[in-house]
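*Asks:* Dumping the structure here so I can ask a few things about it.
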Amino acid sequence: MKRKENSAHSAPPLNRPRGKRKALAELPKSNGLNMNHDSAPRPSKPRTRSAARAEAEAEAAMKRRKAGDAARWPMDTRQPDAEAAVAPYVGDIDRYLRSLEVEPLRRPSHSYFQDIQKNICPKMRAILVDWLVEVAEEFKLHAETLHLAVSYVDRFLTMNVVARNKLQLLGVTALLVAAKYEEIESSKMKVVKMETDLLKSLSFQIGGPTVTTFLRQFIASCRGGNSASRGKLEFVCSYLAELSLLDYDCISYLPSVVAAACLFVARFIIHPKTRPWNLSLEQSTGYRVFDLQKSIYVIHELQLTIRCPNQVAIREKYKDPKFGCVSTMVSPREIPTSFLEGCHK
97 MKRKENSAHS APPLNRPRGK RKALAELPKS NGLNMNHDSA PRPSKPRTRS
147 AARAEAEAEA AMKRRKAGDA ARWPMDTRQP DAEAAVAPYV GDIDRYLRSL
197 EVEPLRRPSH SYFQDIQKNI CPKMRAILVD WLVEVAEEFK LHAETLHLAV
247 SYVDRFLTMN VVARNKLQLL GVTALLVAAK YEEIESSKMK VVKMETDLLK
297 SLSFQIGGPT VTTFLRQFIA SCRGGNSASR GKLEFVCSYL AELSLLDYDC
347 ISYLPSVVAA ACLFVARFII HPKTRPWNLS LEQSTGYRVF DLQKSIYVIH
397 ELQLTIRCPN QVAIREKYKD PKFGCVSTMV SPREIPTSFL EGCHK
């Protein structure tokens, strides 16, 4: 589960005044800072939020290799001990995340192309996201970083007119800020000014739940099946969640709604003759099938390449055996009407 933004630092005394947060460009220069702009990023070793997290992931990866496990779910960075530790607080955590996802500062407008933007369109946004997926894959960034970056882009475009030739700069800057929050990647000075503008527009609200946040919870609530079938479900859900980033229509839905729709479609793809939703999932996600119908159709059309057919980075990524080749899976073109009706036990 995502830690709070200041969890890596000890809490300040209550009587100590806290300074106003600033973007990188507003900070004074210091001889102690590493300002080597020519140093190339190292794709194979992304820095995580703390050394402890990196060591924990490395140790877990070693254990999985020794046990002959398949590649881990790309959005899953938790450890079994951590899951057990937060188990008593799952309800509180879920309520907190649900409250965050509806905060106005964290929600983009679904009409910003009509109301704000004059020089760019949804197709250009899809091309940008497709490119960001390739960059994130090249530098081995976490899935959460990618989802946060796209959220930042949408929120910035909600408030600021952006020229066509600045859209890619906005995208890479959003990825930089997301990596600093999620992975602490080093910066390039050519994007410092855009970083300042982006952080000010976001009011420094760079945390918050994404589709992957809720998918982790929802999949954890799924019972039954062996480790292989569960692994396939995780990969298909991850694939569909990344496809949802391409489509402008998806920002009109809450992240938890998109996550639930991804889970529905993933279960339908894997078992097309079995009802994908049941009372258990309705209770764990908080959504009835009726609540998800429109978002289910969008996710299904993305999987069928009816939507965004020319953006191939995500589909190529998930053709890799380490992701179970899930983008090559074929599903029926129609979801039976009975599957979209009220669920049964």
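Take the sequence shown: its letter number 134 is residue 230 in the numbering used here, and every next letter is one higher. From the three backbone atoms N, C-alpha and C, an ideal C-beta is built for every residue, glycine too. Note that this is a predicted model, so its numbers are computed, not measured.
1. Judging by CA-CA distance, which residue of Ala232, Leu398, Phe419, Gly438 is the nearest neighbour of aspartate 387?
2. In angstroms with no decimal places, state the Cα-to-Cα distance between threonine 144 and alanine 357.
3. Take alanine 409 and list the residues in its own chain whose beta-carbon comes closer than 8 Å to its own, dropping the five residues that flank it on each side.
4. In terms of residues, what are the limits of the alpha helix (DSSP H) holding tryptophan 373?
5. So what's asparagine 261 in DSSP terms, helix, strand or just coil?
6. Where does proline 405 fall in DSSP's three states?
7. Indicate the three-state DSSP secondary structure (helix, strand or coil) for histidine 367 in the structure shown.
8. Would lysine 328 be called buried (16 or more neighbouring beta carbons within 10 Å of its own) or exposed?
9. Would you call valine 257 buried or exposed, if buried means 16 or more other Cβ atoms sit within 10 Å of its Cβ?
10. For a test of the three-state rule: what should DSSP assign to arginine 161, helix, strand or coil?
11. Assuming alanine 222 contacts leucine 342 under a Cβ cut-off of 8 Å, what Cβ separation, rounded to an integer in Å, is found between them?
12. Given that a residue counts as buried once 16 or more other Cβ atoms are within 10 Å of its Cβ, and exposed if not, what is methionine 255?
13. Specify the secondary structure class of glutamine 382 as computed by DSSP and reduced to three states.
14. So, using beta-carbon positions, are proline 200 and isoleucine 347 closer together than 9 Å?
15. Pick from Gln313, Ile392, Ser297: whose alpha carbon is nearest that of leucine 339?
16. Classify glutamine 210: buried if its beta carbon has 16 or more other beta carbons within 10 angstroms, exposed otherwise.
17. Straight-line CA distance for asparagine 215 to valine 422?
18. In chain order, what residues of the same chain have a beta carbon less than 6 Å from the beta carbon of arginine 363, not counting five sequence neighbours either side?
19. Going by the beta-carbon positions, is the gap between isoleucine 302 and valine 273 smaller than 9 Å?
20. Report yes if the C-beta distance between alanine 355 and threonine 292 is below 9 Å; otherwise report no.
21. Rounded to whole angstroms, what's the CA-CA distance from phenylalanine 435 to alanine 181? Just pull it up for me.
22. Within 10 angstroms of the Cβ of isoleucine 402, are there 16 or more other Cβ atoms? Answer buried if so, exposed if not.
23. Compare the beta carbon distance of arginine 202 and glycine 304 with 9 Å and say whether it is the shorter of the two.
24. Would you kindly check if the distance between the Cβ of cysteine 318 and the Cβ of arginine 326 is under 9 Å?
25. Less than 9 Å between the C-beta atoms of methionine 290 and leucine 263, yes or no?
26. What three-state label does DSSP hand cysteine 358 in the structure shown?
27. Quick check on DSSP: helix, strand or coil for isoleucine 212?
28. Report all residues from its chain with a CB closer than 6 Å to the CB of proline 428; omit the five preceding and five following residues, and keep chain order.
29. Excluding five sequence neighbours on each side, which residues of the same chain lie with their C-beta closer than 7 Å to the C-beta of threonine 269?
30. May I have the straight-line CA-CA distance separating tyrosine 344 from histidine 206, to the nearest angstrom?
*Replies:* Concretely, from the data shown:
1. Of Ala232, Leu398, Phe419, Gly438, the smallest CA-CA separation from aspartate 387 is found for Gly438.
2. Because the pLDDT at threonine 144 is just 48, under 50, the model does not fix this residue reliably, and the point stays unresolved.
3. When the five nearest sequence neighbours on each side are left out, the beta carbons in the same chain lying within less than 8 Å of the beta carbon of alanine 409 are those of Asp226, Trp227, Val229, Glu230, Glu233, in order along the chain.
4. For tryptophan 373, no alpha helix (DSSP H) segment is defined, and its DSSP state is neither H nor E.
5. Note: asparagine 261 maps to helix in three-state DSSP.
6. In the three-state DSSP reduction, proline 405 falls in the coil class, being neither helix nor strand.
7. Coil.
8. Residue environment analysis places lysine 328 among the buried positions, since at least 16 neighbouring C-beta atoms fall within 10 angstroms of its C-beta.
9. With fewer than 16 Cβ atoms within 10 Å of its Cβ, valine 257 is classed as exposed.
10. Low per-residue confidence applies at arginine 161: pLDDT is 44, beneath 50, and the placement is therefore not dependable, though the value from the model is reported in the following sentence. Residue state, collapsed to three classes: helix.
11. Right, their Cβ atoms sit about 5 Å apart.
12. Exposed is the call here.
13. Rather than glutamine, the amino acid found at residue 382 in this sequence is glycine. Coil.
14. Cβ atoms of proline 200 and isoleucine 347: not closer than 9 Å.
15. With distances taken between Cα atoms, leucine 339 lies closest to Ile392.
16. Here glutamine 210 is exposed, its C-beta having fewer than 16 other C-beta atoms within 10 Å.
17. Using only the alpha carbons, I get a separation of about 36 Å.
18. When the five nearest sequence neighbours on each side are left out, the beta carbons in the same chain lying within less than 6 Å of the beta carbon of arginine 363 are those of Pro372, in order along the chain.
19. Closer than 9 Å, so yes.
20. Taking 9 Å as the Cβ cut-off, alanine 355 and threonine 292 do not qualify as a contacting pair.
21. The straight-line gap from Cα to Cα measures roughly 36 Å.
22. When all chains shown are included, isoleucine 402 counts as exposed.
23. Pairing arginine 202 with glycine 304 gives a Cβ-Cβ distance under 9 Å.
24. A contact, by the Cβ cut-off of 9 Å.
25. In this structure, methionine 290 lies away from leucine 263, with their beta-carbon atoms at least 9 Å apart.
26. When secondary structure is reduced to three states using DSSP, cysteine 358 falls in the helix class.
27. Correct three-state label for isoleucine 212: coil.
28. Excluding sequence positions up to five before and after proline 428, its CB lies within less than 6 Å of the CB of Pro368, all in the same chain and listed in chain order.
29. Around threonine 269: Val287, Met290, Glu291, Leu294.
30. Cα-Cα distance, rounded: 8 Å.
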